[in-house]
Amino acid sequence: MPMDKAQLISWLGKLQAVLAEKEKYLTELDAAIGDADHGTNMTRGFKKVMEKLPTVEDKDIGTILKTVGMTLMSSVGGASGPLYGTYWMKGGMTLAGKEEIDSAGFVGFLQAAVDGILQRGRPELGDKTMYDFWAPVLEEIKARADAGDDIPAMVNAALPVGEKALADTIPLQAKKGRASYLGERSIGHQDPGATSSYYMLETLAQALAE
Ligand SMILES: Nc1ncnc2c1ncn2[C@@H]1O[C@H](COP(=O)(O)OP(=O)(O)O)[C@@H](O)[C@H]1O
Ligand SMILES: [Mg+2]
Numbered sequence: 001m002p003m004d005k006a007q008l009i010s011w012l013g014k015l016q017a018v019l020a021e022k023e024k025y026l027t028e029l030d031a032a033i034g035d036a037d038h039g040t041n042m043t044r045g046f047k048k049v050m051e052k053l054p055t056v057e058d059k060d061i062g063t064i065l066k067t068v069g070m071t072l073m074s075s076v077g078g079a080s081g082p083l084y085g086t087y088w089m090k091g092g093m094t095l096a097g098k099e100e101i102d103s104a105g106f107v108g109f110l111q112a113a114v115d116g117i118l119q120r121g122r123p124e125l126g127d128k129t130m131y132d133f134w135a136p137v138l139e140e141i142k143a144r145a146d147a148g149d150d151i152p153a154m155v156n157a158a159l160p161v162g163e164k165a166l167a168d169t170i171p172l173q174a175k176k177g178r179a180s181y182l183g184e185r186s187i188g189h190q191d192p193g194a195t196s197s198y199y200m201l202e203t204l205a206q207a208l209a210e
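In the numbering used here, the protein residues as written are 1 to 210.
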């Protein structure tokens with residue numbers, strides 16, 4: 001079954017709620033290796049997204065996703081604003097004019113979104129960023145798509161992969177962003193951006209289960 005607009009809107013609402021709930025935790029993670037603003041950044045950004053959403057809800061999925069990206073781009077500062085802004089905008093461009101998302105469309109969305117992070121931040125695998133979460137998740141989703149899985153099955157299979165990828169950021173030394181200034185002292189802490197990315201996948205799975 002394709003993913004419909006109601007599920008997309010539900011995803012964004014759940015994500016906003018989880019980010020608000022985890023604001024303090026995300027900020028604590030960023031306090032350890034950054035500047036203690038990731039929780040407030042994400043909460044502010046998705047509050048704005050929820051304010052903007054009613055103005056585009058009746059538009060096509062590409063327009064909704066691009067609006068999410070542009071809103072994050074303009075309301076979230078730091079590294080994560082442009083990175084997540086690019087994620088949703090580039091992903092949204094692949095779904096221009098669509099009223100629902102089929103399996104191939106979902107893979108295309110995620111590939112473009114993750115490519116957007118790569119173009120914007122130039123992270124490499126192992127740099128201790130959100131890319132360390134998305135790279136293995138995208139690989140799993142593509143493998144499941146090739147095996148003929150539908151979107152909920154792809155996302156459910158990617159969840160444990162993402163959970164592991166998130167934990168795997170802990171022993172890494174940061175090579176990008178503010179955390180890289182800490183050098184070896186960044187080792188032993190979970191990456192804040194990878195953590196908010198995990199919430200994106202988790203809430204998507206929940207929205208798809210409805
Ligand atoms: N060059 C980059 N490429 C990919 N992700 C990055 C890059 N720089 C930072 N990040 C991600 O952004 C997160 C930090 O976001 P945030 O705290 O909101 O921004 P800032 O670091 O500017 O304060 C990091 O945990 C990491 O996942
Ligand atoms: Mg920060």
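Idealized CB from N, CA, C, for every residue including glycine.
task = Go ahead and pull the three-state DSSP assignment for residue 57.
result = coil
task = Give the C-beta separation of residue 129 and residue 136 to the nearest angstrom, bearing in mind that I take them to be a contact with Cβ-Cβ under 8 Å.
result = Contact flag wrong, Cβ pair sits at about 13 Å.
message = Less than 7 Å between C-beta atoms, sequence neighbours within five positions excluded: which residues of the same chain meet that for residue 4?
response = 100
As assigned by DSSP and simplified to three states, the class of residue 210 = coil
message = Considering only their Cβ atoms, is the gap separating residue 26 from residue 171 smaller than 8 Å?
response = no
Distance between residue 50 and residue 12 (C-alpha atoms, nearest Å) = 8 Å
message = Does the segment 51-70 come into contact with the segment 197-208, if we say contact requires no fewer than three beta-carbon pairs (one atom in each stretch) closer than 8 Å?
response = no
request  = May I ask you to report which of helix, strand or coil DSSP gives residue 3?
outcome  = strand
query = Regarding residue 191 and ligand 2, is the C-beta to nearest heavy atom distance less than 7 Å?
reply = no
message = Bridge partners for residue 101 per DSSP, in chain order?
response = 3
inquiry  = Between residue 127 and ligand 4, is there a pair consisting of the residue's CB and a ligand heavy atom that are separated by less than 7 Å?
reply    = Absence of ligand 4 is noted for the structure shown, with ligand 1 and ligand 2 being the only ligands found.
query = Between the C-alpha atoms of residue 104 and residue 145, what's the straight-line distance to the nearest angstrom?
reply = 8 Å
request  = Would you give the residue range spanned by the alpha helix (DSSP H) that residue 151 belongs to?
outcome  = 151-167
Cα-Cα separation, residue 115 to residue 47 = 25 Å
request  = Give a yes or no on whether the C-beta atoms belonging to residue 14 and residue 39 are separated by under 8 Å.
outcome  = no
message = On the DSSP letters alone, give me the boundaries of the alpha helix (DSSP H) that residue 186 sits inside.
response = It is not in any alpha helix (DSSP H) - residue 186 carries neither H nor E in the DSSP assignment.
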